[in-house]
Amino acid sequence: MMLGTLVLSLMLLSRITANWPDGSKDATRANMGFYTLNMTCNDAGTECEACYRARAEGLVYLHTVEYTEGPAKFEFRGSAASRDWKQFVVQDDPTEPFRYCMQQDEIQDLDYGGDTWRFSICMDNNFSGISVPAECVKPLAVVSMVSLRTDNEAHGEQTLYCAA
């Protein structure tokens, strides 16, 4: 009971804000939150893709997501300025749970106002802790992008990718 109260207190005392100043980003994706994105798929639903742009810290980020079957492969790619990153998971059985994370510390060629900075991207297919909307016929993966600065405030977003 005491542990539960402690965890709840920490959650209530923590503050989450977005990277993006007011007006610099589409309001539907501006705050740390949970979003659903239906990917464009072939008729068989064995190949899907999605692409979108986001803005943060004056940079434009291009995010590309691809899913293929036989074996199942979920791939997330992003780019901004001179940085590109790619991570993917390949599985024979797409129902087998996975979680894969990548972390980057202190990118020297990007100016963060002197703040120390840590960025992580995690992909997983555990949907038990989320509410999958009815329009998400086939959930594929959740991608969480979180940035932490000296202030230790979380900045970023979490997106559920679905085969449409």
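The sequence shown runs -18 to -1, 1 to 146 under mature numbering (1 follows the signal peptide of the UniProt record, and there is no 0). Positions of the beta carbon are idealized from the N, C-alpha and C atoms, including for glycine.
Residues in its own chain within less than 6 Å of residue i by CB, not counting five upstream and five downstream?
i           : result
V71         : F56, F80, Y82
G27         : A145
P115        : T18
E51         : T28
residue 232 : Given a span of -18 to 146 for the chain in the structure shown, any question on residue 232 remains unanswerable.
A62         : L41, Y43
A36         : Y43
M84         : Q69, I103
What number of angstroms, rounded off, separates the C-alpha of residue i from the C-alpha of residue j?
i    : j    : result
L142 : H45  : 14 Å
E31  : G40  : 26 Å
N24  : L122 : 15 Å
W67  : S113 : 28 Å
G15  : D106 : 16 Å
Q140 : C104 : 9 Å
Residues in the same chain with beta-carbon distance under 8 Å from residue i, minus the five sequence neighbours each way, listed in chain order, please.
i    : result
E117 : T18, N20, C144
G111 : none
Residue i: which of the options sits nearest, CA to CA?
i   : options               : result
G60 : P53, V47, A54         : V47
S64 : P76, Y43, P53         : Y43
E78 : V119, F109, L130, F16 : F109
T22 : A36, I112, Y49, R35   : Y49
P76 : L130, G111, G15, K120 : K120
Rounded to whole angstroms, how far is the Cβ of residue i from the Cβ of residue j, which I believe are closer than 8 Å?
i    : j   : result
P53  : Q73 : 6 Å
V125 : F58 : 5 Å
Can you list, in chain order, the residues of its chain whose CB lies under 7 Å from that of residue i, leaving out five sequence neighbours each side?
i   : result
Y34 : H45
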